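For what it's worth, this note's numbering labels the leading residue of the sequence shown as 4, then goes sequentially.
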Amino acid sequence: MSPATQNTLDIEAELQVKYHVAITRDVFSPDNPLLLETVDRSDPAAKQLVILDAALSTVLRERVEAYFAAHDVTAEVIEVDSGEINKNLDTCLSIVDALERSGARRQSNPPIAIGGNVLIDVAGFSASIYRRGIPWVRVPTTLLGMIDGSVSAKTAVNHQGNRNRLGTFHPAMRTVVDTGLLASLPRRHLVNGCGEILKMAMIKDSRLFSLLEEHGPELVASHFRTEPAEEVVTRAIDGMQSELRQNLWEKDLRRIVDYGHTFSPPIEMAVVPELLHGEAVAIDCLFTAVLSYVRGRLSGTDVRRVARTMHRVGLPLDHPLFYDIGMLERAMEEARLHRDGSLNLPVVQEIGSCAFTQEVTREELHQVTALLKELAQSAGENLPAPAPQR
Ligand SMILES: NC(=O)c1ccc[n+]([C@@H]2O[C@H](COP(=O)([O-])OP(=O)(O)OC[C@H]3O[C@@H](n4cnc5c(N)ncnc54)[C@H](O)[C@@H]3O)[C@@H](O)[C@H]2O)c1
Ligand SMILES: O=C(CO)[C@@H](O)[C@H](O)[C@H](O)[C@H](O)COP(=O)(O)O
Ligand SMILES: [Co+2]
């Protein structure tokens, strides 16, 4: 003890969380009880706050209101503009104001967020800072929100051009996934969700990859109504939850679910809204697969399978900024900072398994960009042999 120190105190506590994810059909059918389970029906004056993605106003508002009315619950629906461009503090504060007006309390009638994962991320962030955290419920309405965000504990807004720079760990107490809600989702956003499914498949589930490879285009065309939609959605959710539950607070910053999320974040942010999140992630997945190929760790056949699958589903194979070496190096620098000093770049070894690397040289970046260009221009058909490593 230094002479100036009189006393010391160490405080240690554990934060335990428990949250529930239900996969259902017809979530807004009055017969479906799932969204009533958190409503306090002993207080007839209590209102249920619903934070609805404004893009779903015409599709869902009446159904949501009718659902609660059928059970004599008054729903107060506020509509919030979504899309990456609105994932910011202004949107968060508008939700905080709605929480204040609605008298949101800690335990009863937690607000229900219904919408794309942008709306869900911002609503969750708002719930986590309002009164230092109130419970909340979420109903994702995009494929990406259903297969990825649905089990996540993370909330966030973008800040100063940086993706998810402000955020918290504050999982929704309940999440209800109903793939029937994908009926109105525009095709590009279905494809976008396939970007994160591809990520999950490449890092840990070769069966999921084969399903996407074989059935991806029909799944997108049918809005995930045809076989094997259920297996694809369940496997993707299961892959995510099994990774998250062992490292929910991200004490370990070597995360395989960061695959596709190293080069893409600043590129995605630089061109918002030109590249959607899942599109940027998918290009990064392919880029990093080419890196594995250059290193002799992944076969050319597997890289072509990835590229062809992306092309057939409708995902972009490249973007000009993935050829900008300065941008790629800045992205790695930023990832290192985000991962506390280590790059921790997940690299696929064979489809369905991966490892980590801590360094990518400029020469490798040049080789990868040259090969990616050939691959993208040939829609996944042409992948020349990598130049011998010096
Ligand atoms: N918290 C997490 O762990 C986590 C995980 C993955 C992604 N994310 C975040 O999710 C965001 C992307 O989410 P997204 O892809 O859902 O985008 P999004 O929320 O922008 O939704 C896409 C568009 O579709 C509209 N929409 C949503 N559902 C619809 C439906 N059923 N019918 C018609 N239109 C509908 C939305 O209004 C929006 O315009 C990114 O910001 C990413 O960082 C977070
Ligand atoms: O995009 C997200 C979360 O925003 C997920 O798909 C993904 O699995 C991971 O959580 C991201 O790699 C890390 O996200 P972040 O820490 O950069 O916000
Ligand atoms: Co992601």
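Where is the CB? At the ideal position from N, CA and C, for every residue including glycine. Source: prediction; values computed, not measured.
Short Cβ contact (7 Å threshold) for residue i with residue j
{"i": "G242", "j": "D208", "result": "yes"}
{"i": "S187", "j": "V62", "result": "yes"}
{"i": "D321", "j": "A390", "result": "no"}
{"i": "T372", "j": "L215", "result": "no"}
{"i": "V179", "j": "L37", "result": "yes"}
{"i": "E87", "j": "P276", "result": "yes"}
{"i": "I206", "j": "P114", "result": "no"}
{"i": "V140", "j": "A175", "result": "yes"}
{"i": "G263", "j": "H314", "result": "no"}
{"i": "L122", "j": "S85", "result": "yes"}
{"i": "S131", "j": "T171", "result": "yes"}
{"i": "A292", "j": "V351", "result": "yes"}
{"i": "N167", "j": "L147", "result": "no"}
{"i": "N35", "j": "D29", "result": "yes"}
{"i": "L331", "j": "L386", "result": "no"}
{"i": "D56", "j": "G118", "result": "yes"}
{"i": "H192", "j": "T144", "result": "no"}
{"i": "I150", "j": "V236", "result": "yes"}
{"i": "V284", "j": "K202", "result": "yes"}
{"i": "L102", "j": "Y133", "result": "yes"}
{"i": "L318", "j": "T265", "result": "no"}
{"i": "H23", "j": "R248", "result": "no"}
{"i": "H226", "j": "L185", "result": "yes"}
{"i": "R109", "j": "I137", "result": "yes"}
{"i": "R333", "j": "L256", "result": "no"}
{"i": "M272", "j": "G164", "result": "yes"}
{"i": "S375", "j": "F290", "result": "The amino acid occupying residue 375 in the given sequence is Leu; Ser does not appear at that position. Yes."}
{"i": "L18", "j": "A156", "result": "no"}
{"i": "G219", "j": "V316", "result": "yes"}
{"i": "H260", "j": "E246", "result": "Note that residue 260 is Val in the sequence shown, not His. It is a contact, given that the beta carbons lie within the stated cut-off."}
{"i": "T229", "j": "E221", "result": "yes"}
Paired residues, beta bridge with residue i - DSSP
{"i": "C357", "result": "V351"}
{"i": "P391", "result": "Answer by DSSP bridge pairing: none, since P391 is not bridged."}
{"i": "N165", "result": "H162"}
{"i": "R177", "result": "H23, V140"}
{"i": "G170", "result": "A159"}
Below-7 Å beta-carbon distance, residue i vs any chain B residue
{"i": "Y22", "result": "Given the protein chain composition of this structure (a single chain), no chain B is represented."}
**Request:** Enumerate, from N- to C-terminal direction, the unbroken alpha helix (DSSP H) stretches of 4 or more residues contained entirely within the segment 75-137.
**Result:** 92-105, 120-132
- Segments of 3+ residues assigned as beta strand (DSSP E) that fall wholly inside the segment 20-85: 23-26, 50-56, 77-83
* the segment 233-241 in contact with the segment 332-340 per 3-pair CB rule at 8 Å -> no
Please list, in chain order, all residues with a C-beta atom less than 5 Å from at least one heavy atom of ligand 2.
D151, N167, V260, D261, H264
message: Which runs of the alpha helix (DSSP H) at least 4 residues long sit entirely within the segment 229-294? Give them in chain order.
response: 232-247, 267-273
Along the chain, which unbroken stretches of the beta strand (DSSP E) at least 3 residues long are found entirely within the segment 186-222? none
Quiz item: Are the segment 191-203 and the segment 158-176 in contact at 8 Å, needing three or more beta carbon pairs?
Solution: no
- Mind the definition here: the segment 64-71 touches the segment 119-131 only if three or more C-beta pairs lie below 8 Å; say whether that holds. no
Review point. So, do the segment 351-370 and the segment 298-309 have three or more beta carbon pairs nearer to each other than 8 Å?
Key: yes
Quiz item: With contact counted as at least three CB pairs below 8 Å, one residue from each stretch, are the segment 76-85 and the segment 32-52 in contact?
Solution: yes
| query | Residue ranges of each alpha helix (DSSP H) run of no fewer than 4 residues wholly in the segment 301-357, ordered along the chain? | reply | 303-316, 328-341
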